[in-house]
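Participant:
Residue numbers (the numbering used here): 1 to 431.
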């Protein structure tokens, strides 16, 4: 009963706007361990731990070690009787309460604007946390290296999102590097479609500067349908720059050719990003969708600045943090074209998500394919780039001229009434 109360208390703990801890679980001061955490981020971490303990408790009712040990591993702690007793008697959660009251009393809570640190609460236990400057956290444009220029009217075929680095127009596909940190395998992601939106936006790989534009069908802007219980895209959707799924190559893993696009990414973090945001992601797995006979890989990833990023490392972690999301994501990809009269999409590997190691390997393959593409003197897509290996070097004058010819940015066009319709499909019974 004490254990059950302990993990349920996690869910109900609600603290004020910022939480600062400088001690480990034993109550000892940790030199330099200063962590600033927003209330909503704190609660999301508690929710993650609650879900993890709940599932482990359900599966291992009589084995407390099986419940505690993964939690200790999550916290970066070695098992010992004192910690076991602390957790079992609920004093760990009381400790969090006491620490909060102590810091309030001593006036040591820093009232600051915005999130000042990447770390979640578990960082305080063993290692000091380096404070991150506010402008370095949650920045959608990588230290302001990149910016966007919108042209035309959103929800129309003349809408474009151009990218700039400094004063120069660049191609988001070719000129933004794949890696933000290659050693740590942190990738750049170009956000094309915000979570819960319907407009099908994509980098225009055939056009100079490859701006983002709205896809079209039968000469009108394309919107994906809502299929109960989904509303538009369930996550932030985009692509990794400097990747390409080669349509002339039969993938040995899927026995299907590439789809002629950069590799797709679904980002499952807590922030709804904007069209044209450049975010840094860690990959968690990959799904091999077969769309009309073509390989269309879907990478599962999370923004490294998300409060849960440190605790998510694979699809199993995602399943614990966001129960139902893994299965629902596959279902969405399987059925999303059904309202348009298309068949269900299929998957390689029996629809199983592949691991992180496989994900990195597939990204590396698509990166090599892209390298060959931009060197090709007869490409089928636009490969103009400031990359030194490009067969067709980009020209500032040409890109600027293209930008100047675009219609001015104006208020969005009305979204067709039909976009808000909801379709129902009995395949959803698989939930």
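C-beta atoms are modelled at their ideal positions from N, C-alpha and C, and glycine is treated no differently.
Over what stretch of residues does the beta strand (DSSP E) that includes residue 285 continue unbroken?
Facilitator: First-last of the beta strand (DSSP E) with residue 285: 278 to 291.
Participant: Taking the alpha carbon of residue 388 as the reference point, which residue from 177, 327, 166, 152 has its own alpha carbon closest?
Facilitator: For the residues 177, 327, 166, 152, the minimum Cα distance to residue 388 belongs to 177.
Participant: Can the beta-carbon of residue 234 be found less than 9 angstroms from the beta-carbon of residue 309?
Facilitator: It is not a contact, given that the beta carbons lie outside the stated cut-off.
Participant: Pop quiz: residue 221 and residue 156 are said to be a contact at Cβ under 8 angstroms. What is the actual Cβ separation, rounded to whole angstroms?
Facilitator: Rounded, the Cβ-Cβ distance is 6 angstroms, consistent with contact.
Participant: Short of 6 angstroms in beta carbon distance, which residues of its chain neighbour residue 96, apart from the five on each side in sequence? Order them along the chain.
Facilitator: Model confidence at residue 96 stands at a pLDDT of 41, short of 50, so the residue's coordinates are unreliable and nothing is read from them.
Participant: To which residues of the same chain is residue 40 closer than 6 angstroms at the C-beta, ignoring the five residues directly before and after it?
Facilitator: A caution first: residue 40 carries a pLDDT of 46, below 50, which makes its placement in the model too unreliable to give a value.
Participant: Assuming residue 254 and residue 288 form a contact by the criterion Cβ under 8 angstroms, report the distance between their Cβ atoms to the nearest whole angstrom.
Facilitator: Indeed, because the Cβ distance is near 5 angstroms, the residues count as touching under 8 angstroms.
Participant: Taking residue 245 as the reference, give the member of 252, 237, 232, 259 with the closest Cα.
Facilitator: Taking only the C-alpha atoms, the option nearest residue 245 is 259.
Participant: Exposed or buried, what is residue 167 when buried is set at 16 or more other beta-carbons lying within 10 Å of its beta-carbon?
Facilitator: With fewer than 16 other Cβ atoms within 10 Å, it is exposed.
Participant: For residue 191 versus residue 240, is the C-beta spacing smaller than 9 angstroms?
Facilitator: Their beta carbons are not under 9 angstroms apart, which means residue 191 does not touch residue 240 by this criterion.
Participant: With a CB to CB cut of under 7 angstroms and the five nearest residues on each side skipped, what residues in its chain are close to residue 203?
Facilitator: Result list for residue 203: 172, 173, 190, 192, 210, 212, 239, 262, in chain order.
Participant: Who are the near neighbours of residue 400 in its chain, counting only those whose CB is closer than 8 angstroms to its CB and skipping five residues on each side?
Facilitator: Cβ within range, chain order: 169.
Participant: For residue 194, which residues of its own chain have a beta-carbon under 7 angstroms away from its beta-carbon, when the five flanking residues on both sides are left out?
Facilitator: 236, 272, 273, 274, 275.
Participant: Please state if the CB of residue 269 and the CB of residue 317 are separated by a distance shorter than 9 angstroms.
Facilitator: In this structure, residue 269 does not lie closer than 9 angstroms to residue 317 by Cβ.
Participant: Three-state secondary structure (DSSP) at residue 153?
Facilitator: Strand.
Participant: Given a cut-off of 9 angstroms, decide if residue 266 and residue 301 are closer than it, judged by their beta-carbon atoms.
Facilitator: Contact flag set, yes.
Participant: Alpha carbon to alpha carbon, what distance is there between residue 345 and residue 205?
Facilitator: If you take the alpha carbons of residue 205 and residue 345, they lie about 23 angstroms apart.
Participant: Roughly how far, in whole angstroms, is the beta-carbon of residue 225 from the beta-carbon of residue 423, given that I think they are within contact range, below 8 angstroms?
Facilitator: Contact holds; Cβ gap of about 5 angstroms.
Participant: Is residue 214 helix, strand or coil when you go by DSSP?
Facilitator: The answer is strand: DSSP assigns residue 214 an E or B state.
Participant: Here's the rule: buried if 16 or more other CB atoms are within 10 angstroms of the residue's CB, otherwise exposed. What is residue 349?
Facilitator: Its Cβ having fewer than 16 others within 10 Å, residue 349 is exposed.
Participant: By a C-beta neighbour count over all protein chains shown, 10 Å radius and 16 as the cutoff for buried, is residue 353 buried or exposed?
Facilitator: So residue 353 ends up on the buried side.
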